[in-house]
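Participant: Protein sequence lines, in the order shown, are assigned to chains E and A. Every letter in the first sequence is one number past the one before it in the numbering used here, and letter 218, counting from 1, is 208. Every letter in the second sequence is one number past the one before it in the numbering used here, and letter 21, counting from 1, is 11.
Protein chains: 2
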Amino acid sequence: MTPKAYIFDVFGTIVDWRTSVAREVETAFSTKESDVDPLQFADTWRGQYDPAMARVRSGGRGYVALDVLHRENLDETLRLLDLDDTLDVNERDDLNRAWEKLDPWADSVSGLLAIKQKGIVAPCSNGSIALMTRLARYGGLPWDCILGAEIAQNYKPEPAVYFACCKALQLDPADVMMIAAHNSDLEAARACGLQTAFVPRCREHGPDQTIDLAPSSDWDRVVDDLSELAD
Amino acid sequence: MTPKAYIFDVFGTIVDWRTSVAREVETAFSTKESDVDPLQFADTWRGQYDPAMARVRSGGRGYVALDVLHRENLDETLRLLDLDDTLDVNERDDLNRAWEKLDPWADSVSGLLAIKQKGIVAPCSNGSIALMTRLARYGGLPWDCILGAEIAQNYKPEPAVYFACCKALQLDPADVMMIAAHNSDLEAARACGLQTAFVPRCREHGPDQTIDLAPSSDWDRVVDDLSELAD
């Protein structure tokens, strides 16, 4: 059954957050004397992504946009890496916008344009509407609309997020396909009744990546890149 | 102060709902024996738009998507025009999708593309996310994201809708410009602190239109069309 809409994980699936954030970190510290490993910085920052969202998912904290969590996690990253004295508040606010400047993978834009000919394309990301909008403008991502965590006021992999995307499109979950480079995301989407497609991004975490190198289940589609999914 | 985002009324300002709906009405009744005036039908259908939303705005009814209100109003229109026996449920459901097939005014797409070079462009419409998404695909409207009534769970001109759009973009109202062909929409936006621009659409209601032919206040910008706004 051909999907009527295609919703995508973004961080890792559509954009290369790791090298992009590292590039912005390098710029932020270019005039500083501190010795900073930009890739380690990016990994440490991203390492606090899931724990920060877990507090919202558990109900221990009301929904706050991912931009706010990223900003808090940046403070924590600077503490962890003994860099607390290096960046002032304005510099931190600027660096937090690194998440709005993430480069798409080489096949992302052309793949999305091709899939858009088949049906609605939208992000189903934990990023906020503001973040996804600015990221789309930065990378030329041709979304039809912005869906995801903010319209659900919760974070993936909570079922509420996948259901909110389908509801916003006024489609049954069976008519919607979730595309991700992360098996756990697809497990959650499948449990909600969505179709699933896996696209491996074996360099998301760098050359030594050990997770999500291959599909962990019989997803409806397993493709090498987004162009293949369009076909 | 140059706006960082431009949000637009859609029905009337970006698209010509009246002749487009009339065209779909004509198609729906092409195989029927009933004598139907398509433009009168469109006007009668649209005539129930505001009263239907008023029940939500007043709190008398929880938020329901405009698609649902349109569908209810279609039933009422058929009753009012003595056409209750003409269309079955499936035909009514099909005709309700007329609102997803509204032609943009001649300057809308090129104007939006030009304004998009200056800042974020998004609808601030009473249409649902699903409706705005499908309308954008139909007419090639190059929105960066879909904002409006659904993210506020309320209808314009309630302040909640304008504030929800600014909040979703993480912008102060003063950094956002509302563009509309309806003075009342701009009055509400200005009261929320947004910048305002008026673009007259003197044929929205046909050749005998009497309202919104000219600006009723000193809006920040008054332009002949969207291309002029981009300049």
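Cβ coordinates follow ideal geometry from the N, Cα and C atoms, glycine included.
Could you check whether the Cβ of E/D83 sits closer than 7 Å to any Cβ belonging to chain A?
Facilitator: Here residue 83 of chain E corresponds to residue number 93 of the first sequence, with the count starting at 1. False, the Cβ-Cβ gap to chain A never drops below 7 Å.
Participant: I'd like the span of the beta strand (DSSP E) that includes A/I141, first residue to last.
Facilitator: As a position in the second sequence, residue 141 of chain A is number 151, starting the count at 1. No beta strand (DSSP E) holds A/I141; the alpha helix (DSSP H) holding it covers 139 to 142.
Participant: By the three-class DSSP mapping on this structure, what secondary structure does A/C155 have?
Facilitator: Your numbering for residue 155 of chain A matches position 165 in the second sequence. Of the three classes helix, strand and coil, the one that applies to A/C155 here is helix, per DSSP.
Participant: Should E/V79 and E/Y(-4) be called a contact, given that it needs their Cβ atoms to be closer than 7 Å?
Facilitator: As a first step, residue 79 of chain E must be located in the first sequence, where it is residue number 89. As a first step, residue -4 of chain E must be located in the first sequence, where it is residue number 6. For E/V79 and E/Y(-4), no; Cβs fall outside 7 Å.
Participant: Name the one or two DSSP bridge partners that A/C114 has.
Facilitator: Numbered from 1 along the second sequence, position 124 holds the residue referred to as residue 114 of chain A. A/L137.
Participant: What does the alpha-carbon distance come out to for the pair A/C135 and A/E23?
Facilitator: One-based indexing of the second sequence puts residue 135 of chain A at position 145. One-based indexing of the second sequence puts residue 23 of chain A at position 33. Using only the alpha carbons, I get a separation of about 43 Å.
Participant: Run through chain A and tell me which residues come within less than 9 Å of E/A220, C-beta to C-beta.
Facilitator: One-based indexing of the first sequence puts residue 220 of chain E at position 230. Correct list: empty, because the minimum Cβ distance to chain A is about 16 Å.
Participant: May I ask you to report which of helix, strand or coil DSSP gives A/A(-5)?
Facilitator: Within the second sequence, numbered from 1, the residue matching residue -5 of chain A stands at position 5. A/A(-5): strand per DSSP, three-state reduction.
Participant: Just to confirm the assignment, what range does the alpha helix (DSSP H) spanning A/F31 have?
Facilitator: Here the question's residue 31 of chain A lines up with position 41 in the second sequence. Segment 28 to 37, the alpha helix (DSSP H) holding A/F31.
Participant: Measure from the alpha carbon of E/C182 to the alpha carbon of each residue in E/L121, E/D198, E/A164, then state which is nearest.
Facilitator: In the first sequence, residue 182 of chain E corresponds to position 192, counting from 1. Nearest C-alpha to E/C182: E/A164.
Participant: E/D134 CB to nearest chain A CB: under 7 Å?
Facilitator: For the purposes of this step, residue 134 of chain E is identified with residue 144 of the first sequence, where counting begins at 1. The C-beta of E/D134 comes closer than 7 Å to at least one C-beta of chain A.
Participant: Taking only beta-carbon positions, decide if A/L176 is within less than 7 Å of chain E.
Facilitator: Position 186 of the second sequence holds residue 176 of chain A. It does not; no Cβ of chain E falls within 7 Å.
Participant: State the CB to CB distance for the pair A/M168 and A/A158, rounded to an integer number of angstroms; the pair is presumed to be in contact (CB under 8 Å).
Facilitator: As a first step, residue 168 of chain A must be located in the second sequence, where it is residue number 178. As a first step, residue 158 of chain A must be located in the second sequence, where it is residue number 168. The distance from the Cβ of A/M168 to that of A/A158 is about 14 Å, inconsistent with a contact at the 8 Å cut-off.
Participant: What does DSSP give as the partner residue(s) for A/E93 in the beta ladder?
Facilitator: The residue labelled residue 93 of chain A in the question sits at position 103 within the second sequence. In the sequence on display, residue 93 of chain A carries Asp and not Glu. In the DSSP output, where bridge partners are listed per residue, A/D93 has A/D6.
Participant: What does E/V9 reach in chain A if we use C-beta pairs closer than 8 Å?
Facilitator: For the purposes of this step, residue 9 of chain E is taken as residue 19 along the first sequence, with counting starting at 1. At residue 9 of chain E the sequence reads Thr, which differs from the Val that was named. Within 8 Å Cβ-Cβ: nothing; E/T9 doesn't reach chain A, min ~25 Å.
Participant: Would you check if the distance between the CB atom of E/R45 and the CB atom of E/R36 is smaller than 7 Å?
Facilitator: Within the first sequence, residue 45 of chain E is the residue found at index 55, counting from 1. Within the first sequence, residue 36 of chain E is the residue found at index 46, counting from 1. Contact flag unset, no.
Participant: Taking E/A220 as part of the beta strand (DSSP E), name the residues at either end of that continuous run.
Facilitator: Locating residue 220 of chain E in the first sequence gives position 230, counting from the first residue. Careful: E/A220 lies outside any beta strand (DSSP E), inside the alpha helix (DSSP H) at 216 to 220.
Participant: Against E/D57, what residues of chain A qualify as contacts under a CB-to-CB distance less than 9 Å, listed in chain order?
Facilitator: One-based indexing of the first sequence puts residue 57 of chain E at position 67. Under the 9 Å cutoff, chain A gives Q160.
Participant: Evaluate the contact criterion for the stretch -9 to 8 of chain E versus the stretch 86 to 105 of chain E: three or more CB pairs, one atom per stretch, below 8 Å.
Facilitator: yes
Participant: Report back the beta-carbon spacing between E/N173 and E/F188 to the nearest angstrom; my notes put them in contact at under 8 Å.
Facilitator: Within the first sequence, the letter at position 183 stands for residue 173 of chain E. Within the first sequence, the letter at position 198 stands for residue 188 of chain E. Confirmed, about 7 Å.
Participant: Start and end of the alpha helix (DSSP H) containing E/I119?
Facilitator: Numbered from 1 along the first sequence, position 129 holds the residue referred to as residue 119 of chain E. Here the alpha helix (DSSP H) through E/I119 covers 119 to 129.
Participant: Closest to E/A88 by C-alpha separation, out of E/V54, E/I105, E/L125, would be which residue?
Facilitator: The residue you call residue 88 of chain E lines up with position 98 of the first sequence. E/A88 has its Cα closest to that of E/L125, out of E/V54, E/I105, E/L125.
Participant: Determine whether the Cβ of E/I(-3) lies closer than 7 Å to any Cβ atom of chain A.
Facilitator: Working through the first sequence from its first residue, we reach residue -3 of chain E at position 7. By this cut-off, E/I(-3) is not an interface position.
Participant: How many Å lie between A/K106 and A/S217 at the Cα?
Facilitator: Along the second sequence, read from residue 1 onward, the residue named residue 106 of chain A stands at position 116. Along the second sequence, read from residue 1 onward, the residue named residue 217 of chain A stands at position 227. Those two C-alpha atoms are separated by around 11 Å.
Participant: Let me know the beta strand (DSSP E) ranges lying completely inside the stretch 37 to 77 of chain A, each 3 residues or longer, listed in chain order.
Facilitator: Whole beta strand (DSSP E) segments, 3+ residues: zero.
Participant: Please work out which residues of its chain come closer than 8 Å, Cβ to Cβ, to E/L29, disregarding the five sequence neighbours upstream and downstream, and give them in chain order.
Facilitator: Walking along the first sequence from the start, residue 29 of chain E turns up at place 39. R8, T9, A12, G196.
Participant: Using a beta-carbon distance cut-off of less than 9 Å, what residues from the stretch 28 to 52 of chain A approach chain E?
Facilitator: So nothing in the stretch comes that close.
Participant: Kindly indicate which three-state DSSP category A/I201 falls into: helix, strand or coil?
Facilitator: As a working note, residue 201 of chain A is residue 211 in the second sequence. Three-state DSSP puts A/I201 in coil, outside helix and strand.
Participant: Given a cut-off of 7 Å on the beta-carbon distance, is the pair A/E81 and A/Q38 in contact?
Facilitator: Translated into the one-based positions of the second sequence, residue 81 of chain A becomes position 91. Translated into the one-based positions of the second sequence, residue 38 of chain A becomes position 48. No.
Participant: Give the interface partners of E/R127 over in chain A, defined as CB-CB distance under 9 Å, in chain order.
Facilitator: Within the first sequence, numbered from 1, the residue matching residue 127 of chain E stands at position 137. Within chain A, K106, I110, D134 have C-beta atoms less than 9 Å from the C-beta of E/R127, given in sequence order.
Participant: Tell me, please, which residues DSSP counts as bridged to E/A187.
Facilitator: For this step, residue 187 of chain E is matched to residue 197 along the first sequence. Beta-bridge pairing links E/A187 to E/I169, E/R211.
Participant: Check whether the Cβ of E/I4 lies closer than 7 Å to any Cβ atom in chain A.
Facilitator: Residue mapping note: residue 4 of chain E aligns to position 14 of the first sequence, counting from 1. Chain A, which has no Cβ nearer than 7 Å to the Cβ of E/I4, makes this no.
Participant: What is the rounded straight-line gap between the Cα of E/D83 and the Cα of E/R61?
Facilitator: Here residue 83 of chain E is taken as the residue at index 93 of the first sequence, counted from 1. Here residue 61 of chain E is taken as the residue at index 71 of the first sequence, counted from 1. Rounded to the nearest angstrom, the two C-alpha atoms are 7 Å apart.
Participant: For A/T(-8), return the contacting residues in chain E, with the cut-off set at a CB-CB distance below 8 Å.
Facilitator: Within the second sequence, residue -8 of chain A is the residue found at index 2, counting from 1. Chain E residues near A/T(-8): none, gap ~16 Å exceeds 8 Å.
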